[in-house]
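The numbering of the sequence shown is the working numbering, which starts it at 15 and goes up by one.
Note that beta-carbon positions come from the ideal geometry of N, C-alpha and C, so glycine has one too.
In what follows, a structure is listed as structure tokens, so that the remarks can point back to it.
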Amino acid sequence: MSSSHRLSIKDLTVSYQRVPALHHIDLELRCGKCVALLGPNGAGKTTFLKSLAGLLPFETGTVVFEGHEHTHARHHTHRHQEPSRRGGSERCIAYLPQRSVVDWDFPLTVRGLVEMGRFPALGNWGRFKREDRRIVQEALAATHLQDLADRQISALSGGQQQRAFLARAWAQHAHIYLLDEPFTGLDRNAQTHLGELLRRLSAEEGKLVIVSHHDLKTVPDLFDQVIFLNGELVAFGDVAEVFTPERIAETFSTHVFTG
């Protein structure tokens, strides 16, 4: 995926019971970047990721990726409706939720989880082909999970669980990766491994990686760009230019959007 490919977000407003959680967001993001999504609790970070993934309807706005418009106007869909799995931008987007909301006791192996990433490409009646198996194996290798492929997901460590979900997205051949607090609860070693994988996805594979993140100390080491969010867009740009004490204070000291 070329770094010239763009995700364009125009006038994005998302509301809960008519109360805006995100207000008129305008952004243009390029593939090949690893982007930190920063803001205080309640700033709308999870809402932003879910809306891009098609899991929440928009009050207003559009999301366009490579000519495919991804619009979930409120009068066209129901809250929490799953997006279509057929073509368009939605197949290009992979959403990795917070680990705390995943049922890790579900009886599924690592390989079975990664195979789920191929389901959108198979269609309703498709069967796994040699190419699908090759892609699954490639995803397991890329995330260093070959030796754990037959292990139940409930038996994985926190870092291994994150890598397993990342492998599923890898097998999906997604172009955009949306990760909600993936570093939370991981030890330093697991954080390092996950960070290396995210950098590989963006820098080497040319993907767009957007990560909701709370550890400000690690931002310069992990990310190329920063989105400061607090109900509305506070700032966006390269880490070297935007990640400043002034912007941090502006974002975290008050709730910017008051309705």
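Going by C-alpha distance, which of the options is nearest residue i?
i	options	result
valine 49	Asn55, Lys221, Thr258 and Ser29	Lys221
histidine 228	Leu51, Pro234, Trp118 and Phe62	Leu51
aspartate 117	Arg44, His158, Pro234 and Ser168	Ser168
leucine 193	Ser29, Gly209, Thr74 and Val223	Val223
glutamine 175	Leu236, Pro196, Gly53 and Phe237	Pro196
glutamate 218	Thr206, Lys24, Gly46 and Phe179	Gly46
alanine 185	Lys24, Leu136, Leu170 and Ser22	Leu136
leucine 180	Phe257, Arg147, Pro71 and Ile107	Ile107
aspartate 164	Val115, Leu122 and Asp238	Leu122
histidine 19	Val33, Pro54, Ile262 and Leu43	Leu43
leucine 170	Arg113, Ala188, Arg147 and Tyr191	Arg113
glycine 126	Gln166, Leu110 and Gln205	Gln166
threonine 206	Asp235, Gly53 and Asp25	Asp235
phenylalanine 79	Arg202, Pro54 and Tyr191	Tyr191
proline 134	Arg147, His187 and Phe237	His187
histidine 189	Val115, Leu66, Asn203 and Val233	Leu66
Can you find a C-beta in chain B that's less than 7 Å from the C-beta of residue i?
i	result
alanine 181	Judged by its chain identifiers, the structure shown contains no chain B, having just a single protein chain.
Count the other C-beta atoms from every protein chain shown that fall within 10 angstroms of the C-beta of residue i, then say buried if there are 16 or more, exposed otherwise.
i	result
histidine 82	exposed
valine 77	buried
alanine 35	buried
aspartate 161	exposed
glutamine 31	exposed
glycine 56	exposed
alanine 155	exposed
lysine 231	exposed
glutamate 12	Residue 12 falls outside the range modelled here, since the chain spans only 15 to 273, and no answer is possible.
proline 71	buried
glutamate 104	Unreliable positioning characterises glutamate 104 in this predicted model, as indicated by a pLDDT of 47, which lies under 50. The coordinate reading is nonetheless provided below. Buried, since its Cβ has 16 or more Cβ neighbours within 10 Å.
serine 216	buried
valine 124	buried
serine 226	buried
serine 267	exposed
glutamate 145	exposed
glycine 140	exposed
valine 128	buried
arginine 182	buried
histidine 89	In this prediction, histidine 89 has a pLDDT of 38, which is less than 50 and means its spatial position is unreliable; what the coordinates show is noted afterwards. The residue in question, histidine 89, is exposed, as its Cβ has fewer than 16 Cβ neighbours within 10 Å.
isoleucine 23	buried
threonine 305	Residue 305 is absent from the model: the chain starts at 15 and stops at 273.
So residue i and residue j are in contact, right, with Cβ under 8 Å, and what is the actual spacing, rounded?
i	j	result
alanine 132	phenylalanine 142	The residue you asked about is not alanine; residue 132 is arginine in the sequence shown. With a Cβ gap of about 7 Å, arginine 132 and phenylalanine 142 count as contacting.
threonine 27	glycine 75	6 Å
valine 248	glutamate 264	6 Å
arginine 177	leucine 200	Contact flag wrong, Cβ pair sits at about 10 Å.
- prompt: Does the segment 39–46 come close enough to the segment 232–247 to have 3 or more Cβ pairs within less than 8 Å?
  reply: Yes, the segment 39–46 touches the segment 232–247.
message: What ranges does the alpha helix (DSSP H) occupy inside the segment 167–230, keeping only unbroken runs of at least 4 residues that lie completely in it?
response: Segments of the alpha helix (DSSP H) lying fully in the segment 167–230: 172–185 and 202–213.
query: Hey, which unbroken runs of the beta strand (DSSP E) at 3 residues or more fall wholly within the segment 24–49?
result: Entirely contained in the segment 24–49, the beta strand (DSSP E) runs reaching 3 residues are, in chain order, 33–44.
message: Does the contact criterion of 3 or more C-beta pairs under 8 Å hold for the segment 60–75 versus the segment 245–265?
response: Between the segment 60–75 and the segment 245–265, the count of C-beta pairs closer than 8 Å stays below three; the two stretches do not touch.
query: Between the segment 207–221 and the segment 143–153, do three or more beta carbon pairs fall short of 8 Å?
result: Touching, no, given that fewer than three Cβ pairs across the two stretches are closer than 8 Å.
query: Which ranges would you report for the alpha helix (DSSP H) in the segment 57–85 if only whole runs of at least 4 residues count?
result: The qualifying runs are 59–66.
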